[in-house]
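Chains as they are written, first to last, in this note's numbering: chain A, 3 to 455; chain B, 3 to 455.
Following this line, the structure appears as structure tokens:
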């Protein structure tokens with residue numbers, strides 16, 4: 003019986019305890035819980051045999067750091083993850099409370115089960131397991147932040163101020179997914195992000211829609227019109243200059259990309275859609291992988307309670323984000339959006355655009371020792387060669403690590419698209435959790451071997 | 003010292019007590035309070051000398067009825083009003099709590115202060131005053147409902163089932179306003195209403211905007227596009243057939259209408275607008291008085307909490323209402339809207355349109371004995387001839403009274419546009435409250451005299 007088999011119940015229970023701590027970084031009311039989640043991780047890293055484990059203070063939530071340096075001649079892997087989670091609302095759509103994890107049908111249901119506590123905890127337990135079985139094949143540094151879901155605002159400063167401490171040969175992150183439990187894959191492209199909150203003000207107070215309707219700009223109608231104008235009839239984004247820097251792929255590259263196993267029928271069925279949707283001229287895989295997007299993530303204004311209220315609201319709000327692709331930059335798109343959105347406001351209203359946070363798009367190399375080590379590890383544990391994919395999500399810090407530390411990243415994630423991260427009923431497969439713990443040590447072995455050559 | 007002067011403090015305090023009862027008909031959590039408000043009114047009507055005062059059960063909230071029949075040869079006036087109020091949210095925008103009335107700077111601040119408890123209570127006190135001073139010049143029936151703010155769904159049935167009990171010569175309602183405290187006016191035209199709640203569903207669950215963005219219909223973006231398409235660049239409404247029945251006024255009628263004292267500058271200033279807004283080719287007075295409109299009264303969907311959440315919502319919602327003018331009908335416009343809104347949904351989404359309630363537009367005669375009696379009463383109490391106006395609001399039951407009882411209505415209201423009804427900080431002037439109590443008995447005298455001739 004392997005160490006993993008002997009200890010899997012304890013591994014799981016420790017993760018469930020961590021998931022019980024609602025570490026929602028976006029909402030100040032969970033402040034104490036976010037700190038508790040960091041403390042919990044610190045203790046578990048110490049128990050796993052890491053050294054110099056500490057909570058590094060930042061202007062926001064602390065970064066949990068630990069290391070195990072076995073030999074200066076061995077390569078060093080810097081593991082990154084995050085212990086904060088997305089807000090869990092709407093709570094009423096969860097089948098079980100988001101911070102009372104349950105294991106059901108082979109899945110762990112809880113906010114953060116997959117994104118990213120479950121995936122971070124695979125590393126903690128893989129390191130414990132490796133420490134029990136002999137000296138590590140590489141030096142390992144672990145850095146887990148608490149502000150990934152709100153833009154990693156303080157990570158850049160920390161990295162810049164601790165370049166020596168963080169010196170390494172490669173970054174290893176488990177915060178992405180595989181195509182399926184039968185077909186492993188490694189993400190090699192990630193989209194960037196530009197996120198805004200907008201406010202449209204019409205009259206200076208709420209008005210009776212009968213006494214004023216027709217003679218005043220209704221900020222909700224105006225906001226809808228402004229948002230609608232951001233796409234044309236082909237679902238192209240209309241912001242001037244938006245596509246100027248977008249990398250154009252060759253026909254060969256597009257054909258290669260579309261070789262990924264994908265069925266529009268299964269895609270539609272998995273999320274209950276009657277029809278595909280998106281930018282004209284691109285496949286679903288391309289729409290998600292290589293094209294930038296603009297989505298409203300939230301909208302609110304006026305009367306939203308039960309029944310009817312005949313009011314014209316003074317203000318309307320929306321959260322609007324854009325996913326970016328190489329070689330767009332978050333700063334430039336943020337500026338283009340802000341300028342354009344303000345410019346399309348009709349003369350009777352006031353518009354305020356407040357940028358929230360951004361992240362840069364990135365493409366990682368597939369010919370590196372680290373990528374090959376990860377691919378071989380997955381092939382061993384799954385019994386099948388992984389496929390390189392371009393995911394639609396953003397891990398903005400991947401680009402930052404490249405700029406600040408000069409390091410490439412390997413995205414060794416084990417989630418599934420169906421895990422409902424950022425949604426009600428987020429879950430993570432027990433299969434995936436334990437497969438991750440099994441695969442990670444193989445990566446270290448392969449990487450150490452590859453770096454020796 | 004007049005009876006009004008002697009008793010005005012008591013009159014006011016009784017109204018304040020009534021305003022303390024949060025009779026919000028739209029929200030089930032106020033159920034008991036709505037009933038308490040009805041009981042309160044019943045007791046006050048009895049104290050004012052009315053007879054056969056009762057709470058008449060309906061399928062919803064009861065109708066408070068009372069009468070004072072002095073002589074079968076005298077004409078009968080049926081007074082209508084409502085004791086329910088609009089929801090008070092957003093509570094945080096009120097300077098004082100909506101159900102803890104305060105008197106400040108000559109105004110009563112409370113939800114319902116003007117609409118319609120304050121105006122109903124003028125009638126209660128005018129009747130008390132008249133009873134103290136001798137026999138009434140007319141027979142009086144009073145009928146006050148508790149569901150006006152949610153569409154008066156049970157009033158029609160009550161009226162149809164009680165035609166004998168409600169037999170009268172004219173309806174008198176105080177639920178409208180005057181141009182200013184220096185310039186009295188009487189509304190002779192009211193817009194109708196068609197009110198809907200719409201729901202757009204895209205994917206069957208909330209999705210991560212990175213993993214899915216660009217390849218699925220975002221229901222918020224789709225809803226915005228659908229709403230935006232309901233107006234063209236001239237702010238005409240694009241629903242096919244919408245304007246087919248709209249009464250076209252002659253140049254003379256339009257000129258007459260625009261003779262009402264109105265300044266666009268003052269209008270803009272009063273509500274903090276930088277520019278006027280509305281349908282091309284019409285003045286502000288026309289946009290409010292004689293043109294139909296379409297306004298979104300509320301919108302919600304996705305993440306609306308603090309910070310950023312990169313979600314694509316499964317559903318988006320809006321409350322959309324249209325103000326109607328003669329000779330549009332609520333039933334026809336409701337059907338046109340529903341059919342059109344469903345037809346413009348893109349193929350990937352599901353749209354549900356749920357009509358809330360409606361009301362018919364109406365124009366009341368100015369050459370009737372009742373209108374002339376009201377005009378003369380206002381001229382006496384204000385010292386200035388009133389102007390007939392066409393207001394933008396809806397009192398749907400005016401059309402119903404005409405159909406079911408064959409009766410015209412006189413809209414003897416004393417509110418001001420600036421009273422912020424349906425908004426935070428609703429208020430009603432002490433001047434207006436007491437001026438109403440002073441004017442109403444003059445109406446009865448003039449009406450009795452006019453009907454004798």
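Virtual Cβ for every residue (Gly too), placed ideally from N, Cα, C. Just so you know, these numbers come straight off a predicted model, no measurement behind them.
Contact between residue 248 of chain A and residue 365 of chain A is absent: CB atoms are separated by about 13 Å, not below the 8 Å threshold. The C-alpha of residue 10 of chain A is placed about 8 Å away from the C-alpha of residue 436 of chain A. Taking 9 Å as the Cβ-Cβ cut-off, the stretch 307-319 of chain B approaches chain A at 307, 308, 309, 310, 311, 312, 313, 314, 315, 316, 318 and 319, given in chain order. Within the stretch 295-382 of chain A, the beta strand (DSSP E) runs of at least 3 residues that lie entirely inside it are, in chain order, 295-304, 317-326 and 352-361. Boundaries for residue 60 of chain B: no alpha helix (DSSP H) harbours it, and the DSSP string shows neither H nor E there. Taking a C-beta distance under 8 Å as the contact criterion, residue 121 of chain B and residue 416 of chain B qualify as a contact pair. Per DSSP, the unbroken alpha helix (DSSP H) holding residue 272 of chain A starts and ends at 266-273.
Chain B places a beta carbon closer than 8 Å to that of residue 302 of chain A, counting this residue as a contact.
Within its own chain, no residue has a Cβ closer than 6 Å to the Cβ of residue 258 of chain B once the five positions on either side in sequence are excluded.
Between residue 42 of chain A and residue 342 of chain A, the alpha-carbon positions lie close to 45 Å from each other.
Pairing residue 175 of chain B with residue 83 of chain B gives a Cβ-Cβ distance under 8 Å. Per DSSP, residue 389 of chain B lies in no alpha helix (DSSP H) segment; the continuous beta strand (DSSP E) that holds it begins and ends at 389-392.
Residue 356 of chain B and residue 251 of chain B have their C-alpha atoms spaced approximately 33 Å apart.
Chain-ordered, the chain A residues with CB closer than 8 Å to the CB of residue 281 of chain B read 216. In the three-state reduction of the DSSP assignment, residue 133 of chain A falls in the helix class, which pools H, G and I. Contact with chain B is found for residue 206 of chain A, since one of that chain's Cβ atoms lies less than 8 Å from the residue's Cβ. Residue 196 of chain A sits in a strand when the DSSP states are folded into three classes.
Of all residues in the stretch 128-161 of chain A, those with a C-beta nearer than 7 Å to a C-beta of chain B are 152 and 153, reading in chain order.
Around the C-beta of residue 330 of chain A, 16 or more other C-beta atoms lie within 10 Å, and the residue is accordingly described as buried. It is roughly 24 Å from the alpha-carbon of residue 150 of chain A to the alpha-carbon of residue 316 of chain B.
Annotation: the continuous alpha helix (DSSP H) that includes residue 44 of chain B extends over 33-49.
Chain B places no beta carbon closer than 8 Å to that of residue 240 of chain A, leaving this residue out of the contacts. Taking C-beta atoms as the reference points, residue 70 of chain B and residue 141 of chain B count as a pair closer than 8 Å. At a cut-off of 8 Å between beta carbons, residue 401 of chain B makes no contact with chain A. Residue burial is scored here from C-beta neighbours: residue 405 of chain B has fewer than 16 other C-beta atoms within 10 angstroms and is therefore classed as exposed. In the DSSP assignment, residue 54 of chain B forms no beta bridge with any residue. With respect to residue 303 of chain B, residue 388 of chain B sits apart: the two C-beta atoms are not nearer than 8 Å. Annotation: the continuous alpha helix (DSSP H) that includes residue 440 of chain B extends over 432-454. Residue 88 of chain A counts as buried, since at least 16 other C-beta atoms from the protein chains shown sit within 10 angstroms of its C-beta. About 7 Å separates the beta carbon of residue 443 of chain A from that of residue 131 of chain A, a gap short enough to meet the 8 Å contact definition. Residue 164 of chain B and residue 143 of chain B have their C-alpha atoms spaced approximately 13 Å apart. Scanning its chain for C-beta atoms nearer than 7 Å, with the 5 sequence neighbours on each side dropped, one finds around residue 28 of chain A the residues 89, 151 and 152, in chain order. In terms of beta-carbon proximity, residue 286 of chain A lines the interface with chain B, with at least one pair separated by less than 8 Å. Among the residues facing chain B, residue 86 of chain A is not included, as its CB has no counterpart in that chain under 8 Å away. A straight line joining the alpha-carbon of residue 239 of chain A with that of residue 223 of chain A spans about 20 Å. Straight across, the Cα-Cα distance linking residue 332 of chain A with residue 201 of chain A is about 21 Å.
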